[in-house]
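For the sequence shown, the working numbering gives the first residue as -14, with consecutive numbering after it.
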Amino acid sequence: MRAAVYYKNDDIRIEDVPVPEIGHGEMLLKVMTTGICGSDVHEFYRAKHAPVILGHELAGIIEETGEGVEDFKPGDRITCFHHVPCGACPRCVNGHETACDTFKKVHFYPGGFSEYVRIHPLQVRLGAMKLPEDMSFEVGAFAEPVGCVYRGQRLAGMAAGKKILIIGSGIAGVIHIKLAKLWGASLVVATDIHQFRKMKGLEFGADSVFDASADVPRLFRDMNDGWGADIVILNAMAPSAIRQAMDTVEKGGTILIFGLGAPGQTMDIPLGEFLAGEISVVTSYSGGPVDSHRGFELIKSGRIDVGKMITHRFPLEKIQEGFQLTAAAGESLKVMLFPHEMPETDE
Ligand SMILES: [Zn+2]
Ligand SMILES: [Zn+2]
């Protein structure tokens, strides 16, 4: 089968690799679509594993089921979570399933940017979900990114009436905007450096979107009777973005670290100020089964229209173009790849 093998951001090769064989409790999935995630283009994070077949936001059709698989059959249209935790270790029990050692060991094989993947027995049990008949594959593939955002906001204490600053209006940013509004946040302000993404931020419901180079802490307070933000969500980890987060968060508020920092990057926290102000720093990595299922329910119910977040569609062969667009972080949100046929779209 064809698969896109990642060497580095500007060197992704379509190679011929064997179709994975499946065993007891496993399934073979025909991959109909896979989204490119912002984390796929973090070269320092990915290149150390190269050559590797990436791709973790997918949907497809079950081609074959192994012995012992009862809940699914060939022909079922599904989406599935890439990583699944054990559910029983102390980290899982404490609600940090995404830090579970099993979590990252369970994944699609060889990777979503290929024609077929093998689904692990734990994924079959906790990660696979059938798509409603009227849901397209590309919409179904959003279960993973929406689940990640849902988890981040839940851990950060999102609630109705809160005032939120979202730094970075790429795909994670616009899902954050949309979700914060669904939770009932009463003020959602976003930032970005690109005009296209600032427009998208407004389109997906931000009350205001500022250029990241502006005096964001002051502009936020101007909009909020002089008060800072209850929650600041960091999708971008540039030092200037971190500075803005610390200068905008209100006493008693929370900074959510959601984006991937540079290798070895640190954050200088003024301990006295944070203690006296009871300011929390919360991190959220990936998405566990609970949040991912909730995210999928939101997509199913139509409360979050993820289809509109797709800006580009390419056959798998054009993955290089998709990576360039995603890495440029400019005029794109979600880029979807199609290893088999391209979908028919209205545009
Ligand atoms: Zn992702
Ligand atoms: Zn665990």
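Glycine residues also receive a C-beta, built at the ideal position from the N, C-alpha and C atoms. Source: prediction; values computed, not measured.
- T83 has its CB no nearer than 6 angstroms to any heavy atom of ligand 2.
- P106 has its CB no nearer than 6 angstroms to any heavy atom of ligand 2.
- In the three-state reduction of the DSSP assignment, A(-12) falls in the strand class.
- For the pair L107 and V131, the CB atoms are not nearer than the 7 angstroms cut-off.
- Secondary structure note for G45: it is in no alpha helix (DSSP H), and the uninterrupted beta strand (DSSP E) holding it is E42 to T50.
- Cβ-Cβ distances below 7 angstroms link G53 to H9 and G10 in the same chain, with the five nearest sequence neighbours on each side left out; the list follows chain order.
- Distance from the Cα of P5 is smallest, within the candidate group G186, L13 and K185, for L13.
- Assignment of K15 by DSSP, reduced to helix, strand and coil, places it in the strand class.
- Note on geometry: alpha-carbon atoms of P3 and T19 lie some 19 angstroms from one another.
- With respect to L322, I156 sits apart: the two C-beta atoms are not nearer than 7 angstroms.
- In the DSSP assignment, the residues bridged to V217 are L150 and I240.
- P95 has its Cβ no nearer than 6 angstroms to any heavy atom of ligand 2.
- Closer than 6 angstroms to some heavy atom of ligand 1: that does not describe the Cβ of C65.
- As far as DSSP is concerned, D290 takes part in no beta bridge.
- I(-1) is bridged by DSSP to A(-11).
- Looking at G307, T176, I295 and L301, the one whose alpha-carbon comes closest to that of F127 is I295.
- Non-local C-beta neighbours of R76 in its own chain, meaning closer than 6 angstroms and more than five positions away in sequence, comprise A84 and C85, ordered along the chain.
- For T330, there is no enclosing beta strand (DSSP E), as DSSP marks it with neither H nor E.
- Collapsing the DSSP output to three states places T311 in a helix.
- Nearest Cα to R182 within the set E316, M(-14), D(-5) and V26: E316.
- The closest heavy atom of ligand 1 lies 6 angstroms or more from the beta carbon of S277.
- In the assembly as shown, K(-7) is an exposed residue. Its beta-carbon has fewer than 16 other beta-carbons within 10 Å.
- Between T176 and F189, the C-beta gap is not smaller than 7 angstroms, which leaves the two residues out of contact.
- Taking C-beta atoms as the reference points, S277 and F88 fail to come closer than 7 angstroms.
- With contact defined as three or more Cβ pairs closer than 8 angstroms, the segment 107 to 125 and the segment 40 to 59 are in contact.
- Short of 7 angstroms from the beta carbon of E129, and not among the five residues preceding or following it, lie these beta carbons of its own chain, in chain order: H41, E42, F66, H67, G272 and S277.
- Per DSSP, reduced to three states, the secondary structure at T176 is strand.
- Residue state for G20 is assigned as strand, using DSSP reduced to three classes.
- Look at E235 here: in three-state DSSP terms it is strand.
- Relative to P202, the option among S286, E235, I178 and D192 whose CA is nearest is E235.
- Per DSSP, reduced to three states, the secondary structure at V267 is strand.
- Put simply, the segment 214 to 227 touches the segment 243 to 253. At least three CB pairs are less than 8 angstroms apart.
- Counting only unbroken stretches of 4 or more residues, the alpha helix (DSSP H) elements lying wholly within the segment 95 to 157 are 106 to 111, 122 to 125 and 128 to 140, in sequence order.
- Of the candidates K33, F29, F122 and V37, F122 places its Cα closest to the Cα of D61.
- Looking at T239, A35, C71 and T251, the one whose alpha-carbon comes closest to that of V266 is T239.
- The Cβ atoms of G237 and E263 sit closer than 7 angstroms to each other.
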